[in-house]
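Everything below concerns the one structure shown next.
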Amino acid sequence: MASNADPGKVAPLRTALRVDQLMKRFVSQRGDVLALDRVSFAASAGEFVCLVGPSGCGKSTLLRLIAGLLAPTAGNVVFTPGQAQPQIAMVFQDAGLFPWLRVVDNVAFGLEARGMAPAVRRNEALELLQRTGLAEFAGHYPYELSGGMQQRVALARALVTQPDLLLLDEPFRALDAQTRLLMQEQLLRLWEARACLVLFVTHDIEEAILLGDRVLVMSGRPGQILMELDVPLSRPRDLSGRSHVEIEEMRWRIWKMLEPAARSSLALPPSEA
Amino acid sequence: MAALVAWELAARADMISPLFFPAPSAILATFWRMLIRGELVVATGYTLARLSAGLLLGGALGLVLGLLMGWSSAARALAEPVVAAVHPLPKLALLPLVLILFGIGEQSKVVLIALTAFFPLLINTTAGVRQIDAHTWEVARHYGARGWMLLRRVVWPASLPLVLTGAQLSLNAALVVTVAVELLSAQQGLGATIWLAWQTLRTEEMYATLIVIALVGMLSNLVLVRLEHRLIPRKRKDESDGRA
Ligand SMILES: Nc1ncnc2c1ncn2[C@@H]1O[C@H](COP(=O)(O)OP(=O)(O)OP(=O)(O)O)[C@@H](O)[C@H]1O
Ligand SMILES: [Mg+2]
Numbered sequence: 025m026a027s028n029a030d031p032g033k034v035a036p037l038r039t040a041l042r043v044d045q046l047m048k049r050f051v052s053q054r055g056d057v058l059a060l061d062r063v064s065f066a067a068s069a070g071e072f073v074c075l076v077g078p079s080g081c082g083k084s085t086l087l088r089l090i091a092g093l094l095a096p097t098a099g100n101v102v103f104t105p106g107q108a109q110p111q112i113a114m115v116f117q118d119a120g121l122f123p124w125l126r127v128v129d130n131v132a133f134g135l136e137a138r139g140m141a142p143a144v145r146r147n148e149a150l151e152l153l154q155r156t157g158l159a160e161f162a163g164h165y166p167y168e169l170s171g172g173m174q175q176r177v178a179l180a181r182a183l184v185t186q187p188d189l190l191l192l193d194e195p196f197r198a199l200d201a202q203t204r205l206l207m208q209e210q211l212l213r214l215w216e217a218r219a220c221l222v223l224f225v226t227h228d229i230e231e232a233i234l235l236g237d238r239v240l241v242m243s244g245r246p247g248q249i250l251m252e253l254d255v256p257l258s259r260p261r262d263l264s265g266r267s268h269v270e271i272e273e274m275r276w277r278i279w280k281m282l283e284p285a286a287r288s289s290l291a292l293p294p295s296e297a
Numbered sequence: 013m014a015a016l017v018a019w020e021l022a023a024r025a026d027m028i029s030p031l032f033f034p035a036p037s038a039i040l041a042t043f044w045r046m047l048i049r050g051e052l053v054v055a056t057g058y059t060l061a062r063l064s065a066g067l068l069l070g071g072a073l074g075l076v077l078g079l080l081m082g083w084s085s086a087a088r089a090l091a092e093p094v095v096a097a098v099h100p101l102p103k104l105a106l107l108p109l110v111l112i113l114f115g116i117g118e119q120s121k122v123v124l125i126a127l128t129a130f131f132p133l134l135i136n137t138t139a140g141v142r143q144i145d146a147h148t149w150e151v152a153r154h155y156g157a158r159g160w161m162l163l164r165r166v167v168w169p170a171s172l173p174l175v176l177t178g179a180q181l182s183l184n185a186a187l188v189v190t191v192a193v194e195l196l197s198a199q200q201g202l203g204a205t206i207w208l209a210w211q212t213l214r215t216e217e218m219y220a221t222l223i224v225i226a227l228v229g230m231l232s233n234l235v236l237v238r239l240e241h242r243l244i245p246r247k248r249k250d251e252s253d254g255r256a
């Protein structure tokens with residue numbers, strides 16, 4: 025892989041994604057778990073797709089299958105154009121930083137694996153740390169950072185590899201409301217500049233609507249796609265204009281869809297209304 | 013402290029045999045005399061040389077094979093029965109065999125010490141690699157780490173705490189065997205000095221040498237602890253996940 029001093033320069037492959045009848049069953053002595061049941065959807069190049077669903081419905085599993093970290097029980101993940109294997113970068117739900125590496129080395133990890141020279145990869149890592157507001161923590165170890173900061177480091181580690189497909193597993197979960205808003209904006213800016221395909225998992229319906237071109241709603245386990253909604257908001261998005269009527273209406277529809285599964289996953293009685 | 017004073021008084025009052033339990037002051041005087049005359053320094057030099065040669069040889073081998081066994085289940089399947097069979101043998105019991113194989117010179121002593129140092133590092137390094145959790149492997153693999161980089165950036169630092177524990181066990185076991193081998197078959201070294209002192213009933217010299225062995229053990233362990241602080245500056249958190 026050729027090194028490139030300017031992170032803005034390597035254009036993403038026009039990667040599109042098709043998930044076809046994907047099924048995943050975890051087998052163990054304590055009983056099998058059907059995590060995903062015939063999940064199908066497609067995402068076109070440059071799209072920002074959000075995925076919401078109740079806890080345990082297989083969202084993380086779906087991302088792992090797409091990243092090739094798990095093998096599906098049945099079904100396929102197909103990338104187009106088929107000729108090149110796209111660069112995939114995932115932000116794991118638990119950050120997954122290496123505690124023995126400094127922040128800057130954590131961020132540069134993927135670049136180092138590609139054989140990029142130390143000075144070059146350091147510069148690129150520092151630039152992304154700058155953009156995620158963590159420049160002054162470059163020399164720290166992960167344990168010296170808060171949970172939300174660790175999550176931002178994980179985001180920087182993914183972005184610095186200039187992926188064609190970016191998989192985000194609840195990356196802003198641990199952030200306070202203000203930082204979260206800023207990070208959402210920052211992510212949108214970075215994505216608009218790069219226009220790679222993004223799959224964004226969240227449990228926050230509003231976040232899904234605000235960020236996504238499209239929202240996929242999943243059922244409780246075994247996870248299935250219940251519905252797909254196009255988000256009618258224009259780009260670039262103004263995240264502070266949040267009280268649009270359409271958003272409220274979408275939010276309500278998604279919640280109505282999710283409510284039974286959410287209730288049953290908590291073993292609550294069905295609502296009266 | 014009180015025990016030392018009691019010992020001193022009892023020895024002076026002839027309540028205990030000063031031949032077998034000489035007064036601490038007499039031991040210290042002998043210690044000082046042996047130090048000045050250089051015999052303790054020379055003996056310590058021999059012991060340290062054997063110890064470090066054996067440690068380096070056996071330790072390095074244990075480390076490399078341990079990494080291999082931790083990494084590859086094929087290597088583990090191959091080596092585990094051998095380890096299970098040889099490891100529990102008291103290594104000193106192998107001395108005659110080693111003497112036959114390597115002659116009566118330094119070589120056989122170092123081989124025996126190396127054999128002793130080999131197993132704790134092998135076993136701990138293997139365990140160190142094996143306890144790396146699936147998620148760490150997953151993240152490393154996802155970001156493209158393989159081969160040398162995977163070893164240097166992930167496997168090695170992840171298993172280092174257990175490796176260092178293994179190094180400490182190796183060191184202490186090797187020190188024991190070094191002195192024992194010298195007792196049994198050497199002309200020089202701390203173990204040999206003890207044996208000679210005992211045979212000529214110069215018990216003060218025996219005690220003085222024991223002090224040196226204790227010091228060697230303490231100091232080398234101290235060095236290892238320092239090394240550990242140097243190599244692992246971070247505080248370890250098993251879960252560095254985002255749940256704040
Ligand atoms: N490695 C695994 N082995 C066995 N079962 C697993 C494994 N990973 C996930 N599962 C099971 O698969 C199901 C889906 O898990 P997954 O982590 O994908 O859910 P999720 O939608 O990401 O949940 P959350 O929103 O809580 O993160 C769960 O029931 C879980 O127990
Ligand atoms: Mg999850």
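For the protein sequence lines, the chains are V and U, in the order given.
Per our numbering, the first sequence starts with residue 25, numbered consecutively.
Per our numbering, the second sequence starts with residue 13, numbered consecutively.
Ideal placement from N, C-alpha and C gives every residue a C-beta, glycine not left out.
Taking a Cβ-Cβ threshold of 7 Å, the residues of chain U close to V:Gly-120 are His-147 and Val-151, in chain order. Contact annotation: U:Gly-156 and V:Gly-134 have beta-carbon atoms nearer than 8 Å. Minimum Cα-Cα distance from U:Thr-137 among the listed residues U:Ile-28, U:Leu-181, U:Ala-22 and U:Glu-118 corresponds to U:Leu-181. With a threshold of 8 Å between beta carbons, V:Met-114 makes contact with chain U.
Within the same chain, Ile-144 and Thr-148 come within 7 Å of U:Ala-170 by CB-CB distance, once the 5 residues on both sides are set aside. Under the three-state reduction of DSSP output, V:Val-128 falls in the helix class.
Looking at V:Glu-273, V:Glu-231 and V:Phe-103, the one whose alpha-carbon comes closest to that of V:Val-76 is V:Glu-231. Fully contained in the stretch 22-68 of chain U are the following alpha helix (DSSP H) runs of length 4 or more, in chain order: 36-49. Residues of chain U with a Cβ closer than 8 Å to the Cβ of V:Leu-125 are, in chain order, Arg-165 and Pro-169. For the set V:Leu-169, V:Asp-129 and V:Lys-83, the Cα lying nearest the Cα of V:Leu-152 is the one of V:Asp-129. For V:Thr-97, there is no enclosing beta strand (DSSP E), since its DSSP letter is neither H nor E. Residue-level contact by beta carbon holds for V:Phe-133 and chain U, with a gap shorter than 8 Å. Using a CB distance cut-off of 8 Å, V:Arg-138 counts as an interface residue toward chain U. With a threshold of 8 Å between beta carbons, U:Ala-179 makes no contact with chain V.
For V:Ala-91, the nearest beta carbon of chain U is closer than 8 Å to its own beta carbon. Around the beta carbon of U:Thr-212, fewer than 16 other beta carbons sit within 10 angstroms, so the residue counts as exposed.
Remark: fewer than three beta-carbon pairs, one from each stretch, lie closer than 8 Å, so the stretch 238-258 of chain V and the stretch 204-217 of chain V are not flagged as touching. Residue-level contact by beta carbon fails for U:Tyr-58 and chain V, as no gap is shorter than 8 Å. Our two residues, U:Ala-14 and V:Val-127, have alpha carbons roughly 53 Å apart in a direct line. Rounded to whole angstroms, the Cβ separation of V:Gly-82 and V:Gly-247 is 3 Å, and the two are in contact under 8 Å.
In the pairwise beta carbon analysis, the stretch 160-168 of chain U is classified as not touching the stretch 111-122 of chain U: fewer than three pairs are separated by under 8 Å.
At a cut-off of 8 Å, the C-beta of U:His-241 has no neighbouring C-beta in chain V. If you check each beta-carbon in the stretch 121-143 of chain U against every beta-carbon of chain V, none falls closer than 8 Å. Interface criterion met: the Cβ of U:Gly-156 is under 8 Å from a Cβ in chain V. For V:Gln-111, the closest C-alpha among the options V:Pro-142, V:Glu-216, V:Val-184 and V:Glu-71 is that of V:Val-184. Close CB contacts of V:Ile-233 within its chain, under the 7 Å cut and outside five residues either way in sequence, are with Val-239, Val-255, Ile-271, Met-274 and Arg-275 (chain order). About 13 Å separates the beta carbon of V:Leu-169 from that of V:Ala-159, a gap too long to meet the 8 Å contact definition. The alpha-carbon of U:Met-230 is positioned some 24 Å away from that of U:Phe-33. In this model, U:Leu-80 and V:Gln-154 are separated by some 40 Å (Cα to Cα). Straight-line measurement puts the Cα of U:Phe-130 at about 7 Å from the Cα of U:Leu-73. No heavy atom of ligand 1 is found nearer than 7 Å to the CB of V:Phe-122. A distance criterion of 7 Å places the beta-carbon of V:Asp-193 in contact range of ligand 2, judged by its closest non-hydrogen atom. Under the Cβ distance rule, U:Met-161 counts among the residues neighbouring chain V, one pair being separated by less than 8 Å.
Cβ-Cβ distances below 6 Å link V:Arg-38 to Ala-69 in the same chain, with the five nearest sequence neighbours on each side left out; the list follows chain order.
Between ligand 1 and U:Val-228, a heavy atom-to-CB distance of less than 7 Å is absent.
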